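Novice: Residue numbers (full-length UniProt numbering), protein chains in the order written: chain H, 1 to 404; chain A, 1 to 404; chain W, 1 to 404; chain F, 1 to 404.
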């Protein structure tokens, strides 16, 4: 249970921090400007391309990916770096080619893809030449219950035919998102967790229709490809596009979600830290009723409460990373659920209070707070709502004979 | 302490409810469509004009305004009607000509305006021929402390010269907002609450510069004229544009804020009721893990908690209205502060849980919830942040000899 | 919906307040002294007898009981008086002969008793010559679900034979508690809510065995007869001791619980008011780090939050009383559940913060706070735990077609 | 940052756990019986003596004390053992001679005592032949602000004369508490943190008067010597009884409080774990409305929330211990404050919910929950109320240039 970041991790995090301060944070206004110039477009903006080139040149690239294809960091090593990227979720993860959903998709291809699949899709993703999307959630059912999934993947000779509707396919509005990993049912009569399969669907396959972009609290998240609703209308792909085999979909999803969830938590810590830092600066500079806000007891209490939550939860994230590294994602499931619930909630609360410190500026675009809030709020829904995880954790806790 | 709505109030609220169900709620998609068609414009959309014409014909018009110029309702009579309008804050208040900030501005003109000011500005506002804005908050200071205000209103012969910068001037992006009520200092050396004055500034006065629109979370609130930052650069207006006299600004602001705050609370109750109703419908129709969400204990608890809070707070709003009607706004200050703190917070919490019930749909534009959330959230900042009111209430409560 | 106390209520509450200030609060140390002198006894102490004599002489007697046997107050009229008694729950309710469980038992006898039952038990209870207990909760089952009750009431010729075990029979340690109202099953095979009956069991009936006193946190509540566990071992009573008829037990319990619950809430408001008043006085008199506690922002915020909750919840209690008076207890069930949940919780929270203001004195016997806390905490369990009521309220709220 | 307990710690904690299960938990009813037999006495009961003998024989003795006088464990090594003792705070800490306030007093003597002081007082304390008390808090002032202390320690020739009043002197009702460490002012005009000194006062010194025992939520805590109010009336002790030197009192108090606070937190984790375990068992065995409580969503959510908080906070406690071991108590002050605030609060909340799961049994003496609750609640007051620590933490967090 040694959570101390090793030398490589310390060095990378420090490097990332410098990169953040020198290149990423100053580039945020530039991103806004480029977005304002081309309001109808969803592709990656030049400022991101420039940051990517620089980051790659500096070795800050694919840090999320264990193994020889990526930087080879353990989860524990990656944690401090990922937290740094959370300070600027619109730019930093993309700059380092560590942005969801591409990270999870690369992991799937890395862990379960055939050599041909890897050559076709993983290689360009690792170089950020293309983007990808993950098509799991459906508009018509509660998708946290995988047995609800209605999209069908039907075998037809050498092909599979995909029919269904997905939404919240993050990044899919970006025309560079060349491939979609689609979850559907190959056998609705199989065991509960063997009904589902995953399949690779090229964006340009006939029958793929981008229905519309979705918004999140008014934001279209255009800077990272938005969130799409997609109709799959009798889309036909070669049988070799299946990932793993028929019935492996649920297991692959679980494997993908573990790292995905902890990455979100690592970044959420950074989001909350930035909110705390912004609030602290503001509280020192604003005065009301004869004192700086930082001298008001209530503001101090908020700052203390935020600090306490972050310190405790960061340790839980690190422990979870360490468990994933040492006993595997599956046996770290309980901890993953715990941080999946607790960290976004803490971030949401801390950002909300930072907004309150800023007043009107806090809800506007003059600070990153409102957009950070929206992002943190969504984490309580994405990858399964809090309530599903709480119920699962609680059931385990109440189980007769649960270890004490 | 009789809070029962009288016959007129019951009838008006029922009428408003029918109007809401038959005309307003069905018009929401139309508003979205019209907004989408003309993305660069800030003026009132045709759907609003149509609703206004119909509402006015039906007598649902200027219901907020006591006295002969308006419907002549008491605060208590108005409360149930205003709550109905909260179900559709983007359309219903405007449809009934009961939308902030015009309501508050009309009250100011009604209560403190000269006959000439009333003829020039109140008359067209009462007919919705023009819109208005209220310019109080400033970007550079904590404006909840009125002594911080930096805008100057300097007498120069028969004129006043206004210099300063305001923001969160709601509605001011709308080119039809023909007049701004501006708060500034005429005498920085006067007593704390006699430094400020209010003055009428026509939109087209030289030196008035609309700097930019502000966003709230990701929303630009284009449907009701947005929120503007405005520079007043040596703006010269006739001396008779002053409202009341020099030094009356703080008192007028206080007089304006009482009704403004309770109206916000009345509408916030309606916002929360709509969220509860939407969540209930969704919880009955969605199934996960073998049961409707409405059968899950946690969801039931949320619904119960929301209902309890709303029932208790509605009564406090009604009591406050009754006090304003019977002992005056000034002596109802404590209660106004209490609801100003408690109601938006309750609405925020109830809407947040409704979002959680909906999952992804809740944060998107497919439900009104995310936008309602943003509106409720802002109420904890607008007209003074919660913390200022809590501190003031707490000081009174702890005062030696406070009545028990 | 007129909640204003009428003249009689105003006068009685003012009278009760004077009585509280002049006689009850000063008698609290005397009660402690008398309890300390006779540690092994459970009967009513002389100080209570003296207060009763005085209160009865002044007309502050049996105020809880509607109809000709009592003061004839409506629930709405009684509310302000009952709140006053909550300031000193150990003495004031008993002084006015308005203490649970006697109040509920008198109501049962009043509403459902035969003339003979009333003569034998109601008459002396109305004069405080005897005390009584209510035997409903059982140690071995979750008694909030009435179908769980295991005590049997078996007809045997002209008698009933009662067998079972009860606990939390408040007041039953007092040897003056001459009669117990016992809930048991006469027909386990009847409909869910027709299985139970209520029967009068004299304390001295053979087979009644007081097993032991229970404590609440560290308190034995000796001042009002404690809380007993009681074994009923083949206790034989005349058949005419049944209240109403066989199968009426559940309905009678429901009828009894409505007033019982609202009385608890009325008193809980008074408990919380006293805590707020004590905290305010302390906050003005204690200094730390250069300022009175009352000047600390966090303390002010607590005071404000407490005040807001109490003001809103008092109105909900009054509305509930008014509903009970006008449409009947049954149709006020939803509101009764709401206040049953919300008021004790608010009182608990307010008292907890008052304790924190006092520090060590707050948890000790030097202030009434710790004992008030224990009492408020128990109200979240007594008469059904919060969770049962929340679930019931939530189910109603989520019901398809629930009125909005 | 390696928090993993080493082999010795693992072994000791496992040993302690076995000892707890086999000897301590079964002895709790025996303690109750012995207390009931001798209600007027405050001394250590035979059951504790027996457990002490056995624990000492097994090597579970003085584990809290670093260095050669004790077990020589680091804080990190001690943490898992201390947590085990928290399962039975009335018996286990005393059994292992690891109970407050003796632990802190032994640390003071160990770290700051002269050889003579150590021989006279530390030696018998290490063997549990005597007990001790710590006299810091005063009834008349807010003692969290050390400048408020009113007790005077006046030099008079070869003696010091102590005059003042202390309370919450835990353990001091026990006649075996042979020595008191008293904090007072030797120089009220010195610098803020050099005014105070500490001095050893034998219980039998003339002028020491035990005024009365204090209660905590009705408990007198007789099992570990209660809490005394003590008057020091011109108590004269030899000058060599001073600890350190004049003016060292504040620094010694700070040194003492660091370990004291973390020990409380370690035990509080164990208290909360026991509450969770009891609640889980109860939730599985109780049924209401057709299901075990453990199948109710709300109960599951509680269990999950409790687990998450404990897992995160345990890590923060371990990190704090590790910091104390590696960089010293002084530089771990921020973390000590953080856990001092967060852990008791979490324990209080978890125990409160466990009480709710148990209903009436939860507030009674049939479960340890109510007494655990009272103990956890007091931890939010003892050693400085939460608010003082929150304010201090918040100030540090908001400091300009605080590290991020």
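C-beta atoms are modelled at their ideal positions from N, C-alpha and C, and glycine is treated no differently.
Predicted model only: the values in this text are computed from it and were never measured.
Can you give me the C-alpha to C-alpha distance between residue 231/F and residue 181/F, rounded to a whole angstrom?
Specialist: 14 Å
Novice: Just to confirm, are residue 308/A and residue 338/W a CB contact at a threshold of 8 Å?
Specialist: yes
Novice: With 9 Å as the C-beta to C-beta threshold (strictly closer), list the residues of the stretch 249 to 271 of chain W near chain A in chain order.
Specialist: none
Novice: Looking at C-beta atoms only, is the number of pairs between the stretch 298 to 317 of chain F and the stretch 299 to 319 of chain H that lie closer than 8 Å three or more?
Specialist: yes
Novice: Taking the continuous alpha helix (DSSP H) assigned at residue 315/F, which residues delimit it?
Specialist: 297 to 326
Novice: Which residue marks the beginning of the alpha helix (DSSP H) containing residue 50/A, and which one marks its end?
Specialist: Where residue 50/A is concerned, the enclosing alpha helix (DSSP H) stretches over 46 to 57.
Novice: To which residues of the same chain is residue 302/A closer than 6 Å at the C-beta, ignoring the five residues directly before and after it?
Specialist: Annotation for residue 302/A: 353 place their beta carbon closer than 6 Å to its own, counting only its chain and skipping 5 residues before and after.
Novice: Per the DSSP calculation, residue 180/H is bridged to which residue(s)?
Specialist: 133/H, 201/H
Novice: Mind checking whether residue 130/A and residue 173/A have CB atoms under 8 Å apart?
Specialist: No; because the gap between Cβ atoms is not below 8 Å, this pair is not in contact.
Novice: To the nearest angstrom, how far is it from the Cα of residue 278/H to the Cα of residue 343/F?
Specialist: 27 Å
Novice: Looking at residue 267/F and residue 82/F, is the spacing between their C-beta atoms short of 8 Å?
Specialist: yes
Novice: On the three-state DSSP scale, how would you describe residue 231/W?
Specialist: strand
Novice: Roughly how many angstroms lie between the CA atoms of residue 145/H and residue 387/F, to the nearest whole one?
Specialist: 44 Å
Novice: Using only alpha-carbon positions, find the residue among 271/H, 283/H, 389/H that is nearest to residue 374/H.
Specialist: With respect to the C-alpha of residue 374/H, the residue from 271/H, 283/H, 389/H having the closest C-alpha is 271/H.
Novice: Sort out for me which residues DSSP pairs residue 159/A with in a bridge.
Specialist: 156/A, 238/A
Novice: If you pair each beta-carbon of the stretch 155 to 170 of chain W with each one of the stretch 106 to 116 of chain W, do three or more pairs fall below 8 Å?
Specialist: no
Novice: From the DSSP output, in three-state form, read off residue 38/F for me.
Specialist: coil
Novice: Assuming residue 363/F and residue 378/W form a contact by the criterion Cβ under 8 Å, report the distance between their Cβ atoms to the nearest whole angstrom.
Specialist: 6 Å
Novice: Less than 8 Å between CB atoms is the rule here; does residue 21/A satisfy it with respect to chain D?
Specialist: The structure shown contains no chain D; the protein chains it does contain are H, A, W and F.
Novice: Three or more beta-carbon pairs under 8 Å between the stretch 9 to 22 of chain H and the stretch 47 to 66 of chain H, yes or no?
Specialist: The stretch 9 to 22 of chain H makes contact with the stretch 47 to 66 of chain H; the number of CB pairs closer than 8 Å reaches 3 or more.
Novice: Kindly identify the DSSP beta-bridge partner or partners of residue 164/H.
Specialist: 232/H
Novice: Is the shortest distance between the beta-carbon of residue 356/A and the beta-carbons of chain F less than 8 Å?
Specialist: no
Novice: Would you mind listing the alpha helix (DSSP H) stretches within the stretch 50 to 112 of chain A that are 4+ residues and don't spill past its ends, in chain order?
Specialist: 75 to 86, 92 to 95, 102 to 112
Novice: Could you name the residues of the same chain whose beta carbon sits closer than 7 Å to that of residue 202/H, not counting the 5 residues immediately before and after it, in chain order?
Specialist: 178, 179
Novice: Buried or exposed for residue 40/W, please, with buried defined as at least 16 other CB atoms from any protein chain shown within 10 angstroms of its CB.
Specialist: By the neighbour-count criterion, in which a residue is buried when 16 or more other Cβ atoms sit within 10 angstroms of its Cβ, residue 40/W is exposed.
Novice: Whole angstroms are fine: how far does the CA of residue 78/H sit from the CA of residue 126/H?
Specialist: 17 Å
Novice: Is it true that the stretch 293 to 301 of chain H meets the stretch 383 to 398 of chain F, where meeting means three or more beta-carbon pairs spaced less than 8 Å apart?
Specialist: As far as the Cβ criterion goes, the stretch 293 to 301 of chain H touches the stretch 383 to 398 of chain F, which means the pair count is three or higher.
Novice: Kindly indicate which three-state DSSP category residue 415/W falls into: helix, strand or coil?
Specialist: Residue coverage of chain W in this structure runs from 1 to 404, which leaves residue 415/W outside it and unanswerable.
Novice: Determine whether the Cβ of residue 359/W lies closer than 8 Å to any Cβ atom of chain H.
Specialist: no
Novice: Which residues in the same chain as residue 220/A place their Cβ atom closer than 6 Å to its Cβ, once the five residues preceding and following it in sequence are excluded?
Specialist: 213, 226
Novice: So is residue 309/H in contact with chain A if we call contact Cβ pairs under 8 Å?
Specialist: no
Novice: I need the DSSP call for residue 408/F, collapsed to helix, strand or coil.
Specialist: Residue 408/F lies beyond the residue range present for chain F, which begins at 1 and ends at 404; the question has no answer from this structure.
Novice: Assign residue 10/A to buried or exposed, taking buried as 16 or more other Cβ atoms, counted over all protein chains shown, within 10 Å of its Cβ.
Specialist: exposed
Novice: Rounded to the nearest angstrom, how far is the Cβ of residue 184/H from that of residue 169/H, given a contact under 8 Å?
Specialist: The pair is not a contact, with the Cβ atoms about 13 Å apart (cut-off 8 Å).
Novice: Using a Cβ-Cβ distance under 8 Å, would residue 329/W count as near chain F?
Specialist: Answer no: the Cβ-Cβ gap between residue 329/W and chain F never drops below 8 Å.
Novice: Counting only the same chain and skipping the five closest in sequence on each side, list residues whose C-beta sits under 8 Å from that of residue 489/A.
Specialist: As displayed, chain A neither begins before 1 nor continues past 404, which places residue 489/A out of reach and without an answer.
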